[in-house]
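Novice: Protein chains in written order, with the numbering used here: chain W, 67 to 639; chain P, 67 to 639.
(1) Determine, using beta-carbon pairs with one atom in the region 480-499 of chain W and one in the region 514-524 of chain W, whether at least three such pairs fall under 8 angstroms.
(2) Let me make sure I understand the geometry here. Which of 323(W), 293(W), 278(W) has the alpha-carbon closest to that of residue 301(W)?
(3) Does the Cβ of residue 621(P) have 16 or more other Cβ atoms within 10 Å, making it buried, or fewer, making it exposed?
(4) Along chain W, in chain order, which residues have C-beta atoms closer than 8 angstroms to that of residue 236(P)?
(5) Would you give the residue range spanned by the alpha helix (DSSP H) that residue 307(P) belongs to?
(6) Can you list the residues of chain P that residue 594(W) reaches, using a CB-CB cut of under 8 angstroms?
(7) According to DSSP, is residue 117(P) part of a helix, a strand, or is it coil?
(8) With a 10 Å radius around its C-beta and 16 neighbouring C-beta atoms as the bar for buried, classify residue 394(W) as buried or exposed.
(9) For a test of the three-state rule: what should DSSP assign to residue 441(P), helix, strand or coil?
(10) Between which two residues does the beta strand (DSSP E) harbouring residue 471(P) extend?
(11) First and last residue of the alpha helix (DSSP H) that includes residue 336(W)?
(12) With DSSP run on the structure shown, which of helix, strand or coil describes residue 210(W)?
(13) What are the boundary residues of the beta strand (DSSP E) that includes residue 615(W)?
(14) On a CA-only basis, which of 580(P), 441(P), 243(P), 449(P) is nearest residue 610(P)? Give me that one, please.
(15) Could you give the DSSP three-state label for residue 347(W): helix, strand or coil?
(16) At a Cβ threshold of 8 angstroms, is residue 164(P) touching chain W?
(17) For chain P, find out if any of its Cβ atoms is closer than 8 angstroms to the Cβ of residue 270(W); answer yes or no.
(18) Residue 296(W): buried (16+ other C-beta within 10 angstroms of its C-beta) or exposed?
(19) Can you check whether the C-beta of residue 479(P) is within less than 8 angstroms of a C-beta belonging to chain W?
(20) Report yes or no: is there a C-beta of chain C within less than 8 angstroms of the C-beta of residue 635(P)?
(21) Of the residues that make up the region 569-599 of chain P, which ones have a beta carbon closer than 7 angstroms to any beta carbon in chain W?
(22) Answer yes or no: do residue 345(P) and residue 376(P) have a C-beta to C-beta separation smaller than 8 angstroms?
(23) Starting from residue 361(P), follow the alpha helix (DSSP H) in both directions and report where the run begins and ends.
(24) Going straight from the alpha carbon of residue 634(P) to that of residue 359(P), what length do you get?
(25) Counting C-beta neighbours from all protein chains within 10 Å, is the total for residue 544(W) 16 or more, i.e. buried, or is it exposed?
(26) Check for me: the beta strand (DSSP E) holding residue 378(P) runs from which residue to which?
(27) Spatial neighbours of residue 256(P) within its chain, please: C-beta separation below 6 angstroms, excluding the five flanking residues on both sides.
(28) Within 10 angstroms of the Cβ of residue 240(P), are there 16 or more other Cβ atoms? Answer buried if so, exposed if not.
(29) Given 8 angstroms as the limit, is there contact between the region 210-227 of chain P and the region 461-477 of chain P, that is, 3 or more CB pairs closer than that?
(30) Below 8 angstroms on C-beta distance, what does residue 315(W) contact in chain P?
(31) Since residue 489(W) meets chain P, which of its residues come closer than 7 angstroms, beta carbon to beta carbon?
(32) Would you mind giving the Cβ-Cβ distance between residue 329(W) and residue 348(W), rounded to the nearest angstrom? I have them listed as a contact below 8 angstroms.
(33) Indicate the three-state DSSP secondary structure (helix, strand or coil) for residue 624(W) in the structure shown.
(34) How long is the line joining the alpha carbons of residue 509(W) and residue 283(W), rounded to whole angstroms?
(35) Please state the DSSP three-state secondary structure of residue 451(W).
(36) Assign residue 542(P) to buried or exposed, taking buried as 16 or more other Cβ atoms, counted over all protein chains shown, within 10 Å of its Cβ.
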């Protein structure tokens, strides 16, 4: 009777949740009700019990806290105070929580866009909103190889073609394009060629890419390597990352499947292997030999993994290296291929930085493998399975936002290729505009074409600009106490070693960070320069590094790094 | 001694592989050597043994065949014939084969681009190369919702903006754009707005998308649903497919994780769950009720799965339906949300066809959920976790090739969202041009804008065109013996039931196909019209369907389907 009276007397802002039968219906979370068995209740609700009815008030109650003040007696004068009891509400667990979602996703680490990157974006937003309290006036995102975010201008020929692909009606006004806007005739021709072959850039292409674009890539591979290429084994992808994702999905079969991955490495590999619940088999690059591959180290890592029951299936090579910048000599590539052939490992050659080479010459795995096959007919190289990846995001193209790339396969089983085809089909196709940029990258204007002079000028200026910035940054690192850095060879990064004092290491530990994370966080706070700690890429135990791009223009940011470094060293001496 | 003599005497086209120690080094495959223990040898090599040396000749030997003719005695006159022995070469297994790659990828089925699609592309290539032997002159790809591959023209406003985004230097010639090319001022304004906010479309954006674009989406959601939206919970994706891939990656934790998926369904869901090695918990849509959801059926499926030990975590709803075209009434959505709230299931609302609605009105899950929360404050709806997906590929936009889309989250745990953020970071960002198209889709010209009249004209013409084609196709199906089809309600598809005779079923069986696959294969061969068998989407045991888009222009292809159907029915009567 008391219960019924209470229910009818409650004012509307409170909600009757009881009796118990109905509470159970809420079906979500738990609350320890002081008068009875545990009841399930949503979190952050202020609750109390009147007789056997449970009430909730629309006021937040923090996790686990006790509602010490029962609802004011004055509001419920007809209820004896002993009938009013309070409960402790425990937070309702949402259906999805860190503890019950995919643990392999949770395990994955991806430092390039991690805590430091997020913090740098916060700083950027504060600066944009007029915050003057920071010790810097600009955030320099040296953490990502994102050329066009910094200074790099897109290549005019590429973008003029794309503008027509996006709005083909421009071709109804050729005279305006040519005379009014300065488009060259080869721009129009290329746009027409692509439109003829793909229809609309708004239509899905074939799953593996537009056939005519695959043919252009095959011709490029032939020119580059001196061996014919078959478009049937070329797959367009949304950047090289998506290609790596596809290949690792196919390559790994169960938790014992392992892939040899260089350390330091671009964390895409370890992150993807985490998500796939497969094993990364790390092999260290040789810092003393300018981050080259050491066959001995690879063999050691391979044998160790095998002895631990890992089914090692493939070896990843990043050449030129990310984050190291190392550009491999042909002899290193030959050794790796011989090892892969002997142990029957699939080779994944990540060659997205193939045009970012300052020292020596880029050698493609494809070219070296086909040469070995030619030199040694019928020998062990014949059946080697090689996947080579390329991208429009790097090099002088730098079109990251367009998400274009491709991989080409040599020696893969036909049935396996059918599975790769099916896998890429599920995501339908790579972005078609990105595919077109791949075509433009592999088939740029050549001498004699109307667009060639400007193309060459722009291309060379970007290349020289990168080289100059790399050299300037390298010179600065050489000048810094406790910093060692190899000469810039290629890619977009330097990966200096830093030596910090025991006091700095101690301070890092207190903050729950590794010393390199600690260093990079302080650098960001002091200068607005965002780099990535070496631990994000893997580094030999006891060694510390950070990765920085050399894309940002000017020298001021380099000076600010030097100044910060001096102060950091002094502070923790 | 004989061995040494043999080795030195062999002519160059043959290759000395022995002695055994070196053979082992080949490390690849097996060959049963008649004189000794099994030796490993690559396949397709003609081999023979001279004394204890193993030789290979560069001539293919087919799998398992016996080299019955030893090498001609005349070439090796100094070797006694008894010293020449032959071996049987077994094929070398490449490192990767169907039997050892990721079994979950192998298990995945994706019929939309399966055997029929591949065959249709072969036909298309034959026609292009002048093959006159086929009984049709054109291939109609009615298997994929790919509007711009068929007849749909892109919206002018969208593409004009994109042309400027690709080549911002166009803005240096505003007069040419406005007067020479007919761009309206709002085109230029929008392009400037986007460029100001994203810098270059060639730069990576933030992982979850360009902040200003997320803000535009939030405003769209507010207008559409009448409830505020928070850009922080919006994630741009490469089409809705990539969003589904992300969400399923997070949602599934181990092989017992299950997701309720409508049957028939778009095979992205089953394929992705296969790859993730998680369980699809199928619930049948109610064909008799125009493919609506039946709560009873959902509950049955849910309880059955739970009793089998499946940890059911979410329910997928495709509304409007693919392949069914069904557009759900609000009452169905309310029931689903109540069920999801009671059983604490995450709701995945795939709403990519939200503007393709011919009958009734589209109700978003978001709007209905927020209404339920408002109507029932403090009740079970408060904590519901809802992910809604949208895309630029469908509707009157139809920009499939640009791979744009987004999902927005309600009620997700903060830590879970952090994992979603990390997961999308690994692939860096959605294509930026696709993101811009999302912005244009959710924020199109409105009354009073210079581009509005043309936008409206184009939009309405596409809508009416689709409706007319749907109606014409529906009328044709109604007219066909043994075919039943619901009235077109939405999306881009019809999904008629077909009844085939026992003789046709028998003929299908003989070909190793399901009767619907058999029917669709014959249809393609006879007419060039490519549709997808119902088994590709799932269908009730014993029922047969196919899915066809109604995107192709003209009526000729519809007549050819009718004609084929008549002949098929007669043939197998």
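For every residue, glycine included, the Cβ atom is placed at its ideal position computed from N, Cα and C.
Specialist: Per the coordinate set shown:
(1) no
(2) Translated into positions along the first chain, residue 301(W) becomes position 235. When each option's Cα is compared against that of residue 301(W), the closest is 278(W).
(3) As a working note, residue 621(P) is residue 555 in the second chain. With fewer than 16 other beta carbons inside 10 angstroms of its own, residue 621(P) counts as exposed.
(4) As a working note, residue 236(P) is residue 170 in the second chain. 229, 247, listed in chain order.
(5) Against the second chain, residue 307(P) aligns to sequence position 241. For residue 307(P), the enclosing alpha helix (DSSP H) starts and ends at 305-317.
(6) Taking the first residue of the first chain as position 1, residue 594(W) is located at position 528. The contacting residues do not exist; residue 594(W) stays about 17 angstroms from chain P at best.
(7) Along the second chain, one-based indexing puts residue 117(P) at 51. Residue confidence for residue 117(P) is low, a pLDDT of 42 falling below 50, so the modelled location carries little weight; the figure read from the coordinates is stated next. Coil, per DSSP.
(8) If you number the first chain from 1, residue 394(W) lands on position 328. The residue in question, residue 394(W), is buried, as its Cβ has 16 or more Cβ neighbours within 10 Å.
(9) On the second chain, residue 441(P) is found 375 positions in, with the first residue counted as 1. Helix.
(10) Numbered from its first residue, the second chain carries residue 471(P) at position 405. Run containing residue 471(P): 471-476, per the beta strand (DSSP E) assignment.
(11) Locating residue 336(W) in the first chain gives position 270, where the first residue counts as 1. Counting along the chain, the alpha helix (DSSP H) containing residue 336(W) begins and ends at 334-341.
(12) Here residue 210(W) corresponds to residue number 144 of the first chain, with the count starting at 1. Residue 210(W): coil per DSSP, three-state reduction.
(13) Your numbering for residue 615(W) matches position 549 in the first chain. Its beta strand (DSSP E) spans residues 612-615.
(14) The residue you call residue 610(P) lines up with position 544 of the second chain. Residue 580(P) is the option with its Cα nearest to residue 610(P).
(15) The count along the first chain starts at 1 and reaches residue 347(W) at position 281. Residue state, collapsed to three classes: strand.
(16) Along the second chain, one-based indexing puts residue 164(P) at 98. Yes, its Cβ sits closer than 8 angstroms to a Cβ of chain W.
(17) Taking the first chain and counting its residues from 1, one reaches residue 270(W) at position 204. Closer than 8 angstroms to some Cβ of chain P, the Cβ of residue 270(W) qualifies, so yes.
(18) The residue you call residue 296(W) lines up with position 230 of the first chain. Exposed is the call here.
(19) Here residue 479(P) corresponds to residue number 413 of the second chain, with the count starting at 1. So yes, residue 479(P) belongs to the interface.
(20) The chain inventory of the structure shown lacks chain C, comprising the protein chains W and P.
(21) Per Cβ criterion, the list is empty.
(22) Locating residue 345(P) in the second chain gives position 279, counting from the first residue. Locating residue 376(P) in the second chain gives position 310, counting from the first residue. Contact: yes.
(23) Locating residue 361(P) in the second chain gives position 295, where the first residue counts as 1. Bounds of the alpha helix (DSSP H) holding residue 361(P) are 361-373.
(24) For this step, residue 634(P) is matched to residue 568 along the second chain. For this step, residue 359(P) is matched to residue 293 along the second chain. Rounded to whole angstroms, residue 634(P) to residue 359(P) spans 33 angstroms at the Cα level.
(25) Position 478 of the first chain holds residue 544(W). Looking at its Cβ environment, which holds fewer than 16 other Cβ atoms inside 10 Å, residue 544(W) is exposed.
(26) Counting from one through the second chain, the residue named residue 378(P) turns up at place 312. Taken as a continuous stretch (DSSP letters only), the beta strand (DSSP E) holding residue 378(P) covers 377-384.
(27) To locate residue 256(P), count along the second chain from 1; it is residue 190. The answer, listed in chain order, is 227.
(28) Numbered from 1 along the second chain, position 174 holds the residue referred to as residue 240(P). Label assigned to residue 240(P): exposed.
(29) Yes, the region 210-227 of chain P is in contact with the region 461-477 of chain P.
(30) Residue 315(W) sits at position 249 when you count from the first residue of the first chain. Under the 8 angstroms cutoff, chain P gives 168, 171, 341.
(31) Working through the first chain from its first residue, we reach residue 489(W) at position 423. Chain P residues near residue 489(W): 171.
(32) Here residue 329(W) corresponds to residue number 263 of the first chain, with the count starting at 1. Here residue 348(W) corresponds to residue number 282 of the first chain, with the count starting at 1. That pair is a contact at about 4 angstroms.
(33) The residue given as residue 624(W) occupies position 558 in the first chain. In this structure, residue 624(W) counts as helix in the three-state DSSP scheme.
(34) Position 443 of the first chain holds residue 509(W). Position 217 of the first chain holds residue 283(W). Going from the Cα of residue 509(W) to the Cα of residue 283(W) covers about 8 angstroms.
(35) Position 385 of the first chain, counted from the start, is the residue given in the question as residue 451(W). Residue 451(W): coil per DSSP, three-state reduction.
(36) Counting from one through the second chain, the residue named residue 542(P) turns up at place 476. It counts as buried.
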